[in-house]
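S.K.: I have a structure here, written as structure tokens, and I will follow up with some questions on it.
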Amino acid sequence: MFRYDGKLADSIFDYCRWRLSLDPVPLDYGGGAERLDQHLEGLIRPEGSDAEEVLRIFSEHLATRIVSCDSPRFLSFIPAAPTKAALLFDMVVSCSSLQATSWLEAAGAVAAENQALRFLADLAGMPAGAGGCFVAGGTAGNLSALLVARDTAGRRGVGPGGRAGRPLVAVSEEAHSSVSKAAHVIGAGLLLVPTADHRLTGAALEAALEADPRSEDVIAVVATGGTTNAGLVDDLAGVGEVARSRRLWFHVDAAYGGAAMLSPRARPLFAGIEEADSFIVDPHKWLFAPFDCAALLYREPRLARAVHTQDAAYLDPVHDDDQWNPSDFAVHLTRRARGLPLWFSLAVNGTDAYREAVESAIELAREAARLVRAAGHLELVREPELSVVLFRRLGWDREEYARWSSRLLARQTAFVLPTTWEGEPVARLAFLHPDTTPEMVAEIIDSMR
Ligand SMILES: Cc1ncc(COP(=O)(O)O)c(C=O)c1O
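See below:
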């Protein structure tokens, strides 16, 4: 099983070539009521199974039961649209078994990843000393950053310290679910800041901290640079100012929206991100990288290193203060060189192409809002800020949205799931694929008559 098998390599490369050339990528179907066990039955057995047959089963019965999030008709959750260069380079990372854990082992990979991280740090206006690493997703990024926030709180003289009480993280209700999960993991609670219009502002944060007797226990505030549900950017400058005045760790979760900093018209929304102690942006979302890839950046990486470095006798040779070990900046040790597909694609396609692709999704969201406004049976919930559009079908209840959504997938028109806005079911379109067209949006709108 360790010898090169040219026939198997050809089959796999042929499959990959075919998958890469699909234009457009079909939506396919997700999990329904039927079971897939029948196709898998007996495949893993002592004597092994024929490779062509296993690949056929995958291609015919399994791959078709995965909704393609890189289809231009995938408009739920946060879609994906990896560039061909990034996908191909991901194969290089896989075929070369590339890890990027430490400088000692993998300087070439780490240097390239750091170049991509620097590009992102520059987009945010972070200082020259900023740095971090790539992690598996926004969830891992938020957790790793908040752990640093907690472990450095004493040094900043905030939080319960030796007193009774657990540390708190201030957030708005629009913060992503991974933030409350991260708080739970680090043993922190949440101080929920009420917002007037779903947007966390400096004034709302200050008012909540003034009013809440638990505010002494707050160690950090998380603002969102592009909320998942509605694509709203918090008042990063205002929140950052309050955080600084109270010595709170200021983390910006820009997992989805951070890519919009590339767009000259969206960039002003992110003013203040340069003051963050840490921020994340997920290239596997709107920066067109394959899964799984999230960038985590710290203003002062030495603080993160002091928290995250793992100590073990066998790791001593790796620890050299002058060397950059990605393992030192998050909750992980061995790690795939998952930043390299982004790095390769940025280098090959150029940053202008990224800017244009991000702009096109913002423009499409505005066009979709225009189409919704023009449709008598629909009502726009609010003007889109980034690339998420919320709207309601007048007279529909939750069941009708669910039936409509299933119908659209069954007909392969689109994968669109409803969401909830102010307690009410509404339709939600999340754009980022450059090949999603206004005609596709019009088709969806028409299907709601
Ligand atoms: C704002 C935000 N933060 C965090 C996450 C979690 O990222 P991941 O799914 O990569 O863990 C998401 C995912 O959609 C998100 O939109």
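For reference, each letter of the sequence shown is one residue, going 0 to 448 in numbering that gives the first Met the number 0.
Each residue gets a CB set at the ideal place from its N, CA and C atoms; glycine is no exception.
Note that the structure is a prediction, hence the values are computed from the model and not measured.
Going residue by residue through the segment 255-302, where are the continuous alpha helix (DSSP H) segments of at least 4 residues, counting only ones entirely within it?
M.R.: Taking only runs of at least 4 residues, the alpha helix (DSSP H) segments lying wholly in the segment 255-302 are 282-285.
S.K.: Whole angstroms is fine: what's the gap from proline 383's alpha carbon to arginine 402's?
M.R.: Here the question's residue 383 lines up with position 384 in the sequence shown. Here the question's residue 402 lines up with position 403 in the sequence shown. Spanning the two alpha carbons is a distance of roughly 25 Å.
S.K.: Considering only the alpha carbon of each residue, which of Lys284, Met260, His331, Thr435 lies closest to methionine 125?
M.R.: Indexing the sequence shown from 1 puts residue 125 at position 126. Among Lys284, Met260, His331, Thr435, the Cα nearest to that of methionine 125 is on Met260.
S.K.: From this set, Pro289, Asp327, Gln309, Pro316, which residue's C-alpha is nearest glutamate 299's C-alpha?
M.R.: Counting from one through the sequence shown, the residue named residue 299 turns up at place 300. Residue Asp327 is the option with its Cα nearest to glutamate 299.
S.K.: Let me know the alpha helix (DSSP H) ranges lying completely inside the segment 161-199, each 4 residues or longer, listed in chain order.
M.R.: Counting whole runs of 4 or more residues, the segment 161-199 contains the alpha helix (DSSP H) stretches 176-184.
S.K.: Relative to the C-alpha of alanine 258, which residue among Leu87, His318, Pro282, His60 is closest?
M.R.: Locating residue 258 in the sequence shown gives position 259, where the first residue counts as 1. Nearest option by C-alpha distance: Pro282.
S.K.: Return yes when at least one heavy atom of ligand 3 lies under 7 Å from the C-beta of histidine 183, else no.
M.R.: Of the ligands one can find in the structure shown, namely ligand 1, none is ligand 3.
S.K.: Check the C-beta distance from valine 232 over to glycine 224 and give it rounded, since I have them as a contact under 8 Å.
M.R.: Against the sequence shown, residue 232 aligns to sequence position 233. Against the sequence shown, residue 224 aligns to sequence position 225. Yes, valine 232 and glycine 224 are in contact; Cβ-Cβ is about 5 Å, under 8 Å.
S.K.: Can you name the start and end residues of the alpha helix (DSSP H) that isoleucine 218 belongs to?
M.R.: Mapped onto the sequence shown, residue 218 falls at position 219. No alpha helix (DSSP H) contains isoleucine 218, which is instead part of the beta strand (DSSP E) from 217-223.
S.K.: Is it true that the CB of alanine 144 sits closer than 8 Å to the CB of isoleucine 279?
M.R.: Mapped onto the sequence shown, residue 279 falls at position 280. Mapped onto the sequence shown, residue 144 falls at position 145. In contact: isoleucine 279 and alanine 144 (Cβ atoms closer than 8 Å).
S.K.: Quick check: is any heavy atom of ligand 1 less than 7 Å from the C-beta of glycine 137?
M.R.: Position 138 of the sequence shown holds residue 137. It does: the Cβ of glycine 137 is within 7 Å (strictly closer) of some heavy atom of ligand 1.
S.K.: Work out the CA separation of leucine 122 and aspartate 445 for me, nearest whole Å.
M.R.: Along the sequence shown, read from residue 1 onward, the residue named residue 445 stands at position 446. Along the sequence shown, read from residue 1 onward, the residue named residue 122 stands at position 123. If I take the Cα positions, the gap works out to 39 Å.
S.K.: Of all the options Lys83, Gly30, Phe73, which has the alpha carbon lying nearest to the alpha carbon of arginine 16?
M.R.: As a position in the sequence shown, residue 16 is number 17, starting the count at 1. Nearest of Lys83, Gly30, Phe73 to arginine 16, Cα basis: Lys83.
S.K.: Please state whether DSSP places valine 388 in a helix, a strand or coil.
M.R.: As a working mapping, residue 388 is identified with position 389 in the sequence shown. The answer is strand: DSSP assigns valine 388 an E or B state.
S.K.: Using alpha carbons as the reference points, say which of Ile185, Phe57, Pro45 lies closest to glutamine 37.
M.R.: As a working mapping, residue 37 is identified with position 38 in the sequence shown. It is Phe57.
S.K.: In angstroms with no decimal places, state the Cα-to-Cα distance between glycine 30 and arginine 64.
M.R.: Position 31 of the sequence shown, counted from the start, is the residue given in the question as residue 30. Position 65 of the sequence shown, counted from the start, is the residue given in the question as residue 64. Each residue's Cα considered, the two are about 6 Å apart.
S.K.: Here's the rule I'm using: 16 or more other beta-carbon atoms within 10 Å means buried, otherwise exposed. How should phenylalanine 1 be labelled?
M.R.: Here the question's residue 1 lines up with position 2 in the sequence shown. Looking at its Cβ environment, which holds fewer than 16 other Cβ atoms inside 10 Å, phenylalanine 1 is exposed.
S.K.: Tell me the DSSP secondary structure of alanine 441 in three-state form.
M.R.: Working through the sequence shown from its first residue, we reach residue 441 at position 442. In this structure, alanine 441 counts as helix in the three-state DSSP scheme.
S.K.: Mind checking which residues open and close the alpha helix (DSSP H) that includes histidine 38?
M.R.: The residue labelled residue 38 in the question sits at position 39 within the sequence shown. First-last of the alpha helix (DSSP H) with histidine 38: 36-39.
S.K.: For proline 340, I'd like the list of residues in its chain whose CB is within less than 6 Å of its CB, leaving aside the five on either flank, ordered along the chain.
M.R.: As a first step, residue 340 must be located in the sequence shown, where it is residue number 341. Closer than 6 Å at the Cβ level, and outside the excluded window around proline 340, lie Ala85, Phe88, Asp89, Ala288, Pro289.
S.K.: Measure from the alpha carbon of leucine 119 to the alpha carbon of each residue in Trp285, Gly153, Phe73, Leu416, then state which is nearest.
M.R.: On the sequence shown, residue 119 is found 120 positions in, with the first residue counted as 1. Minimum Cα distance to leucine 119 is reached at Trp285.
S.K.: Any heavy atom of ligand 1 closer than 7 Å to the Cβ of serine 143?
M.R.: Position 144 of the sequence shown, counted from the first residue, corresponds to residue 143. No - ligand 1 has no heavy atom lying nearer than 7 Å to the Cβ of serine 143.
S.K.: Confirm the yes/no value for this check: CB of serine 177, any heavy atom of ligand 1, distance under 7 Å.
M.R.: The sequence position of residue 177 within the sequence shown is 178, counting from 1. Yes.
S.K.: Tell me whether tyrosine 255, by its Cβ, gets closer than 7 Å to a heavy atom of ligand 1.
M.R.: Locating residue 255 in the sequence shown gives position 256, counting from the first residue. Correct: tyrosine 255 has its Cβ closer than 7 Å to ligand 1.
S.K.: Could you tell me which residues DSSP pairs with valine 232 in its beta bridges?
M.R.: Along the sequence shown, read from residue 1 onward, the residue named residue 232 stands at position 233. DSSP lists Gly224 as partners of valine 232.
S.K.: What do you reckon, are the CB atoms on arginine 154 and leucine 208 nearer than 8 Å?
M.R.: In the sequence shown, the residue the question calls residue 154 occupies position 155. In the sequence shown, the residue the question calls residue 208 occupies position 209. No.
S.K.: Can you check which of these residues, Glu399, Glu398, Leu379, Leu167, is closest to phenylalanine 390 by C-alpha distance?
M.R.: Position 391 of the sequence shown, counting from 1, holds the residue named residue 390. The shortest Cα separation from phenylalanine 390 among Glu399, Glu398, Leu379, Leu167 belongs to Leu379.
S.K.: Would the beta-carbon of isoleucine 272 be found less than 7 Å away from any heavy atom of ligand 1?
M.R.: Walking along the sequence shown from the start, residue 272 turns up at place 273. No, ligand 1 has no heavy atom inside 7 Å of this Cβ.
S.K.: Determine which residues share a DSSP beta bridge with leucine 377 and list them.
M.R.: Indexing the sequence shown from 1 puts residue 377 at position 378. DSSP output for leucine 377 lists Arg392 as bridge partner(s).
S.K.: Give me the Cβ distance between leucine 247 and glycine 131, rounded to the nearest whole Å; I'm assuming they're in contact under 8 Å.
M.R.: Locating residue 247 in the sequence shown gives position 248, where the first residue counts as 1. Locating residue 131 in the sequence shown gives position 132, where the first residue counts as 1. With a Cβ gap of about 20 Å, leucine 247 and glycine 131 do not count as contacting.
S.K.: Quick one: what's histidine 250 bridged to in DSSP?
M.R.: What you label residue 250 is simply residue 251 of the sequence shown in a count that begins at 1. Answer is Val221, Ser277.
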